[in-house]
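Working notes, beginning with the structure itself.
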Amino acid sequence: MEENVKKSIESYLEGFLHGLMNKYDSKVVKDEILKKAVFDEEKGEHKPFHAALIPAELLRIQSFFRSFSTSLGQGVFEYIAKIVAESNDKWIEVRSNHKFEAFASPNIQSAVDTFIESILNKKASPYPYPQFSKPDSENAKNIVVDLSFKDRETGTIYFIEIKSPKPNKDQTRQTKEKFLFLIATYPKSKVYYALPYNPYGERKENYRWSFTKMFFDLNNEILVGKEFWDFLGGENTYEEILRIFKSVGEAKGKEITRRLIKGV
Numbered sequence: 003m004e005e006n007v008k009k010s011i012e013s014y015l016e017g018f019l020h021g022l023m024n025k026y027d028s029k030v031v032k033d034e035i036l037k038k039a040v041f042d043e044e045k046g047e048h049k050p051f052h053a054a055l056i057p058a059e060l061l062r063i064q065s066f067f068r069s070f071s072t073s074l075g076q077g078v079f080e081y082i083a084k085i086v087a088e089s090n091d092k093w094i095e096v097r098s099n100h101k102f103e104a105f106a107s108p109n110i111q112s113a114v115d116t117f118i119e120s121i122l123n124k125k126a127s128p129y130p131y132p133q134f135s136k137p138d139s140e141n142a143k144n145i146v147v148d149l150s151f152k153d154r155e156t157g158t159i160y161f162i163e164i165k166s167p168k169p170n171k172d173q174t175r176q177t178k179e180k181f182l183f184l185i186a187t188y189p190k191s192k193v194y195y196a197l198p199y200n201p202y203g204e205r206k207e208n209y210r211w212s213f214t215k216m217f218f219d220l221n222n223e224i225l226v227g228k229e230f231w232d233f234l235g236g237e238n239t240y241e242e243i244l245r246i247f248k249s250v251g252e253a254k255g256k257e258i259t260r261r262l263i264k265g266v
């Protein structure tokens, strides 16, 4: 990985952490406000005994970590993935959150619905895909894709959705439907359901989240952890990104502790 790419990722992560620190800084968010937010009775979270016993510092760290995890999954990985893909000469036309027009004619919609129902009823595997006919109308829809790019040599378009390693059933179903419309429109394209890391360890075969595997074939549609990052940036990209994360974490660790816990 080139030095300028590493610096871009480092700078982004530092800004990301500073934003979260500012949000939960003990000098900015007072203890009573934090407790009120955590134990919000309007959300059915009123827990007077918890609030009386648990130190505000612990709640602050817990809230920081929860927000950190959510933000990491919703935007940080997508941003870094785009930077990494752009640095690889193999890919061109790298885009994030780009709209693609897809066929949405009645016969295409019917084929998608039928295939999804067959998967749900265990009458079909999630892969290979059905053969789509030519659309019988000009109906179309816009589909936003997390990350897309084209192979410089073959011209193959890659559509990638970067998701949480443990999504719910609706999320996986919706992404599968999105992919089917894209395949029907761009038959020479390739779609991937990408997971930035594997919560079950480094080995891909150990990944076992049921909702993901219900709608996607592990070997042909899913990229997990190292496989995903190395696919984007080349060999050892995964290890290099982990080193950057560790470096930023070590550099900012004391500041995070100092700003979240009073008197440290």
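Residue numbers for the sequence shown follow the working numbering, so the first one is 3 and each next one is one higher.
Heads up, the beta-carbon is just placed ideally off N, CA and C, and yes, glycines get one too.
In the three-state reduction of the DSSP assignment, Glu257 falls in the helix class, which pools H, G and I. If you check the CB distance, Trp93 and Phe151 come in under 7 angstroms.
Distance from the CA of Leu60 to the CA of Lys38, rounded to the nearest whole angstrom, comes to 14 angstroms. One thing to note: Phe105 has its Cβ within 7 angstroms of the Cβ of Pro137.
Gly75 has its alpha-carbon roughly 31 angstroms from the corresponding atom of Ala126.
If you draw a straight line from the Cα of Arg175 to the Cα of Phe217, it comes to about 7 angstroms.
Straight-line measurement puts the Cα of Gln111 at about 12 angstroms from the Cα of Thr187. Contact between the segment 156-170 and the segment 188-202 is present, with at least three C-beta pairs closer than 8 angstroms. When the alpha-carbon of Tyr129 is set against those of Glu140, Phe117, Glu5, Asn123, the nearest one is in Phe117. For Trp93, the uninterrupted beta strand (DSSP E) run begins and ends at 93-105, by DSSP. Look at Tyr81 here: in three-state DSSP terms it is helix. Contact annotation: Val146 and Asn208 have beta-carbon atoms that are not nearer than 7 angstroms.
DSSP places Leu197 inside the beta strand (DSSP E), whose first and last residues are 192-197. Beta-bridge analysis with DSSP links Val226 to Leu197. In this structure, DSSP gives Ser150 an extended state, which the three-state scheme calls strand. DSSP places Ala142 in the strand class (E or B) of the three-state scheme. In terms of Cβ geometry, Lys171 and Phe213 form a close pair [threshold 7 angstroms].
The secondary-structure analysis by DSSP pairs Ile11 with nothing; it has no beta-bridge partner.
Rounded to the nearest angstrom, the Cβ distance from Trp231 to Lys168 is 19 angstroms, too far for a contact under 8 angstroms. When the five nearest sequence neighbours on each side are left out, the beta carbons in the same chain lying within less than 7 angstroms of the beta carbon of Lys84 are those of Val96, Ser98, Leu149, in order along the chain.
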